[in-house]
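K.L.:
My questions all concern the structure below.
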Amino acid sequence: MKKARTPKLRKPNAEDGAAIWRLIRDCKPLDENSLYANLIQADHFRDTCVVAELDGDIVGWISGHMIPAQDAFFVWQVAVSPKARGLGLGKTMLMELVNRDETEDAKTLKTTITRDNDASWGLFRSFANHIGGDLSDAPHFTKDAHFEGAHDTEHMVTITLPEAAALKRAA
Numbered sequence: 001m002k003k004a005r006t007p008k009l010r011k012p013n014a015e016d017g018a019a020i021w022r023l024i025r026d027c028k029p030l031d032e033n034s035l036y037a038n039l040i041q042a043d044h045f046r047d048t049c050v051v052a053e054l055d056g057d058i059v060g061w062i063s064g065h066m067i068p069a070q071d072a073f074f075v076w077q078v079a080v081s082p083k084a085r086g087l088g089l090g091k092t093m094l095m096e097l098v099n100r101d102e103t104e105d106a107k108t109l110k111t112t113i114t115r116d117n118d119a120s121w122g123l124f125r126s127f128a129n130h131i132g133g134d135l136s137d138a139p140h141f142t143k144d145a146h147f148e149g150a151h152d153t154e155h156m157v158t159i160t161l162p163e164a165a166a167l168k169r170a171a
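Residues 1 to 171 in UniProt numbering are what the sequence shown spells out, letter by letter.
Structure (structure tokens):
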């Protein structure tokens with residue numbers, strides 16, 4: 001019987017920038033940033049980002065940050081390699097991030113999702129159910145006002161987070 005492999009989660013470092021950039025590039029239809037942007041995320045925002053490694057390769061990535069002057073943790077991007085799908089890795093990485101000391105003041109998790117992104121809606125609904133959080137959404141960055149018609153409206157998704165002890169039990 002083949003043993004299931006479990007990716008190792010850790011904080012990224014600057015040397016991971018190129019691998020993160022390649023992972024995002026390979027996870028269509030994710031928006032691609034410059035390699036430099038991913039390097040800065042891995043370096044300057046490492047405490048609120050996570051990578052997942054499997055057999056020495058980065059197979060998962062979440063970038064996020066605490067929103068300035070708010071008690072909210074914002075998830076910018078979630079990427080899971082096709083070779084690591086079906087392991088629940090997205091939800092596992094989210095749990096890792098909301099249980100870090102750096103996000104302990106967050107009362108909500110926020111992210112933006114376009115209406116047609118079924119995978120992201122599924123992940124964040126599953127996460128909200130798992131932790132017992134309420135999920136709401138509203139149009140935030142609109143197609144015409146913010147994207148000059150070139151990108152679909154991004155809905156701000158807000159998930160209430162339970163107290164830290166409850167989150168640790170949910171993990």
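Just so it is clear, CB atoms sit at the ideal spot from N, CA and C, and this is done for glycine as well. The structure presented is a predicted model; accordingly, all values stated were derived computationally and were not measured.
Work out the CA separation of A138 and K110 for me, nearest whole Å.
P.N.:
Rounded to whole angstroms, K110 to A138 spans 11 Å at the Cα level.
K.L.:
Just mark E163 as buried or exposed, buried being the case when its beta carbon has 16 or more other beta carbons within 10 Å.
P.N.:
By the neighbour-count rule (16 or more Cβ atoms within 10 Å), E163 is not buried but exposed.
K.L.:
List the whole-angstrom C-beta distance separating S126 from K91, where the pair is believed to meet the contact cut-off of C-beta under 8 Å.
P.N.:
With a Cβ gap of about 6 Å, S126 and K91 count as contacting.
K.L.:
With I20 and W61 assumed to form a contact (beta carbons below 8 Å), what rounded beta-carbon distance in angstroms separates them?
P.N.:
About 5 Å; that satisfies the 8 Å criterion.
K.L.:
Between D16 and V51, is the Cβ-Cβ spacing less than 7 Å?
P.N.:
Yes, these two residues count as a Cβ contact at 7 Å.
K.L.:
The alpha helix (DSSP H) with D26 in it runs from where to where?
P.N.:
Where D26 is concerned, the enclosing alpha helix (DSSP H) stretches over 17-26.
K.L.:
Measuring CA to CA, which of K143, D55, A14 is closest to I113?
P.N.:
Closest option to I113, Cα to Cα, is K143.
K.L.:
Look up P139 in the DSSP assignment and say whether it is helix, strand or coil.
P.N.:
The answer is strand: DSSP assigns P139 an E or B state.
K.L.:
Return the CA-CA distance between P7 and G122, expressed in angstroms with no decimal places.
P.N.:
Computed Cα separation, rounded: 21 Å.
K.L.:
Compare the C-alpha of residue 181 against each of P29, L39, L35, M95 and name the closest.
P.N.:
Since the first residue shown for the chain is 1 and the last is 171, residue 181 is missing from the structure and cannot be characterised.
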